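Residue numbering for the sequence shown follows the working numbering, starting at 169 and increasing by one per position.
Just so it is clear, CB atoms sit at the ideal spot from N, CA and C, and this is done for glycine as well.
This one's a predicted model, so the numbers in the text were calculated from it and none came from an experiment.
Written out below as C-alpha cells is the structure these notes cover.
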Amino acid sequence: MKRKLTLIFAVAGVLFSLCSCSEKDEVDEYDNWEARNIQLIDSVAKVAALNADGKWEVIKAFNMGDSAELYRDNKNCFIYVHKMDKGEKDLMPLFKDSVRIHYSARVIPTNLYPQGYCFKKTYSTNVLNEATDVPELRCVGDNVVGLSTAILNMNEGDRWTVYVPYYLGYGETDNKEYGVPPFSTLIYDIKLAKIYRFGIDKDTSWY
Numbered sequence: 169m170k171r172k173l174t175l176i177f178a179v180a181g182v183l184f185s186l187c188s189c190s191e192k193d194e195v196d197e198y199d200n201w202e203a204r205n206i207q208l209i210d211s212v213a214k215v216a217a218l219n220a221d222g223k224w225e226v227i228k229a230f231n232m233g234d235s236a237e238l239y240r241d242n243k244n245c246f247i248y249v250h251k252m253d254k255g256e257k258d259l260m261p262l263f264k265d266s267v268r269i270h271y272s273a274r275v276i277p278t279n280l281y282p283q284g285y286c287f288k289k290t291y292s293t294n295v296l297n298e299a300t301d302v303p304e305l306r307c308v309g310d311n312v313v314g315l316s317t318a319i320l321n322m323n324e325g326d327r328w329t330v331y332v333p334y335y336l337g338y339g340e341t342d343n344k345e346y347g348v349p350p351f352s353t354l355i356y357d358i359k360l361a362k363i364y365r366f367g368i369d370k371d372t373s374w375y
C-alpha cells in the first residue's frame, strides 16, 4: 500500500519539484529542460503502469508498427492517458475523419507558469464550459503524432488527460508558432465532442 501511494502521488510530486526551484538555481524558465521533461515522463509512466485507480492507459503511437518487443522499453513511443470522463457512445474516429474537440495544451510547470504554460486552448476561460465554448474542428491526422494517437483511441464524449513525450510532439526543434521549446512534453486536457466520418458527414457545423 505504501508503494502504491508513493507512485500515485509521484506525478504531482514531480510536477511540483519541476517548478519549485529558486530563482538562484534556475537560470531561466527552461533551464535543464530536456532532463526535466524526461523526469516527468518517467514518473508518469510509472504511475500509468501501476494504474491504481483503474483509469490509466498506456497507448503505443499509431505510427510505431506492431513489434511490441522493439518498443516495449522506449517511453518515447507511448502516450500516457488518464481517463476523466467516459462518453455515452461507442464510436471512435478513423485517421481521415474530422472531429470537434475541446482542449487545452500545456507544457510542464515552471516558476513563471506553475500550472504549465498553456500554448493553445479552445476554452474562453481557464475552465471548459460546454454551454458556451465551441470545440475546434480538426482532421484526426493533422496533429502531432501523440495527439492523433489519443484521438484515434477515444470514444465520442470521452475526456482524457494526455501526456505526450517530446518525440511524439514537436520533437527537438523550437515551435515558434506556439512558443513551445525543444524537448517539451505536451499535456492535453481533451474532450472528443463530435466525430464526422470522412466522405459521409458533410455538415461539420457546431450548433
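- The continuous stretches of alpha helix (DSSP H) do not include Thr329, which lies in the beta strand (DSSP E) extending over residues 327 to 332.
- Taken through DSSP and simplified to helix, strand or coil, Ile276 comes out as coil.
- Under DSSP, Tyr248 forms a beta bridge with Val226, Tyr331.
- Distance from the CA of Asn205 to the CA of Pro333, rounded to the nearest whole angstrom, comes to 8 Å.
- DSSP places Leu320 in no beta strand (DSSP E) but in the uninterrupted alpha helix (DSSP H) bounded by 313 to 320.
- Shown here for Arg327: same chain residues with a beta carbon closer than 6 Å to its own, the five before and five after excluded, namely Met252, Asp253, Lys359 in chain order.
- Between the beta-carbon of Gly309 and that of Lys362 there is about 17 Å, and that puts the pair past the 8 Å contact cut.
- Taking the Cβ atoms as the reference, Leu305 lies roughly 5 Å from Arg268, within the contact range of under 8 Å.
- CA-to-CA, the gap between Asp234 and Thr317 works out to about 14 Å.
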